[in-house]
Amino acid sequence: MITTVLFDMGGTLEDIWVDDASRTAAITELDRMLKGWGMDPGLSLEALRESVERGWKRYDVVRCSGDVELKPTQIWADYILTDFAFPRELLLPHCEEIAHMWEVTFFHRHLRPRVHEMLGELKAMGLKLGVISNTAALYQVFDSLEEYGIRDFFQDVTLSSVTGFRKPCRDIFTVSLRQMRSKPEECVYVGDTVSRDVIGSKKAGFACAIQICSRLTKEKDVKLEKAPEADCIIDDIYDTARVVRELLGK
82 MITTVLFDMG GTLEDIWVDD ASRTAAITEL DRMLKGWGMD PGLSLEALRE SVERGWKRYD
142 VVRCSGDVEL KPTQIWADYI LTDFAFPREL LLPHCEEIAH MWEVTFFHRH LRPRVHEMLG
202 ELKAMGLKLG VISNTAALYQ VFDSLEEYGI RDFFQDVTLS SVTGFRKPCR DIFTVSLRQM
262 RSKPEECVYV GDTVSRDVIG SKKAGFACAI QICSRLTKEK DVKLEKAPEA DCIIDDIYDT
322 ARVVRELLGK
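Here is the structure:
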């Protein structure tokens, strides 16, 4: 019996992509923010971009090797901005603000069409709804859900930046299940990647994994080999309601 539907955020509830304009906007804003706090990188925007890219590669080794997520203070002070000798006492109070800016500026984000209607139908079926999201910021997902007008649909929002675990780590799914008070065999998970969403939810014992591809799916799944397939692949997020209704025999 299905009682719960859990969603990924970026790429699933919202479409997400990166282009030259968003990359430039994020670096320009980072430069402005740092200078405003008295921490001038002393580099051209292009050189700053290259430094930040090196920093993300350093952090990727850590988070991908152990499916862990550090706090924004650690990410930006210990990995992303380590090419600069910024005093920690100046940098640390601003790391979450930087992390939030990066998530909403480096990535284009738009709520997928008909999300409100789909969530409304699931709620009308008496289902519990939640979010499990990988994110390097503490508050951005909460703020985005509020801005989209869909926060009230969700009983719980579980984030990698809060739990310290990244999908596909089973632990982040287990934390969500405990907070939702749901059993894995009663749950459906909806996400845009096999590498994080399908593998993670299946390791956690979920009843069904639904995949909807995003503009970043191929990039996220590029190194994937011999992975389990989603139980269902949809093109429109609204079809989640149809799939769940079928699982319920309605």
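The opening position of the sequence shown corresponds to residue 82 in the working numbering, with each subsequent residue numbered one higher.
Beta carbons: idealized from backbone N, C-alpha and C, even for Gly.
Query raised in the report: Roughly how many whole angstroms lie between the Cα atoms of S276 and P309?
Result: 9 angstroms
**Report entry** Contacting residues, own chain, Cβ-Cβ under 7 angstroms from V286 (five flanking each side not counted)
**Finding:** At residue 286 the sequence reads Gly, which differs from the Val that was named. So the list reads P265 and E266, once near-sequence residues are dropped.
Query - Sheet register partners of Y270 (DSSP bridge) - result: DSSP lists L87 and A290 as partners of Y270.
**Report entry** Closer than 8 angstroms to chain D by CB, V256
**Finding:** Of the protein chains in this structure there is only one, and it is not chain D.
Requested in this report: Under 8 angstroms Cβ to Cβ from I108, same chain only, skipping five residues before and after it: list those, please.
Outcome: Only L126, L129, R130 and V133 meet the Cβ criterion.
Query - Rounded straight-line distance, which links the Cα of T321 to that of E178 - result: E178 and T321 have their alpha carbons spaced roughly 34 angstroms apart.
Requested in this report: Assign G136 to buried or exposed, taking buried as 16 or more other Cβ atoms, counted over all protein chains shown, within 10 Å of its Cβ.
Outcome: buried
Query raised in the report: Since K138 is in the alpha helix (DSSP H), which residue starts that stretch and which ends it?
Result: L126 to G147
Requested in this report: Would you mind reading off the limits of the alpha helix (DSSP H) that contains H181?
Outcome: Where H181 is concerned, the enclosing alpha helix (DSSP H) stretches over C176 to T186.
Query raised in the report: Would you call V303 buried or exposed, if buried means 16 or more other Cβ atoms sit within 10 Å of its Cβ?
Result: exposed
Requested in this report: Just tell me which of M82, K283 and T105 has its CA closest to the CA of H189.
Outcome: T105
Query raised in the report: Is K248 buried or exposed, if buried means 16 or more other CB atoms sit within 10 Å of its CB?
Result: Answer is buried; the Cβ neighbour count reaches 16.
Query raised in the report: Which of the three DSSP states, helix, strand or coil, is assigned to L240?
Result: strand
Query raised in the report: Mapping DSSP to helix, strand and coil, what is I318?
Result: coil
**Report entry** Three or more C-beta pairs below 8 angstroms linking the segment 195–214 and the segment 156–176
**Finding:** The segment 195–214 is not in contact with the segment 156–176.
Requested in this report: Could you check if L305 is buried or exposed, using at least 16 other CB atoms within 10 Å of its CB as the buried criterion?
Outcome: exposed
Query - Residue environment, M82, which counts as buried when at least 16 other CB atoms sit within 10 Å - result: exposed
**Report entry** Beta-carbon separation (whole angstroms), K209 vs S263, contact threshold 8 angstroms
**Finding:** Indeed they touch by this definition, with Cβ atoms about 6 angstroms apart.
**Report entry** Contact under 8 angstroms by Cβ, I253 with I293
**Finding:** no
Query raised in the report: At what residues does the beta strand (DSSP E) containing K304 begin and finish?
Result: No beta strand (DSSP E) holds K304; DSSP gives it neither H nor E.
Report task. Can you grab the Cα-Cα spacing for the pair Q260 / D159, in whole Å? Result -> 31 angstroms
Query raised in the report: Tell me which same chain residues have a C-beta within less than 6 angstroms of the C-beta of R232, skipping the five on either side of it?
Result: L226
Query raised in the report: According to DSSP, is K152 helix, strand or coil?
Result: Residue state, collapsed to three classes: coil.
Query raised in the report: Where does L171 fall in DSSP's three states?
Result: Three-state result, L171: helix.
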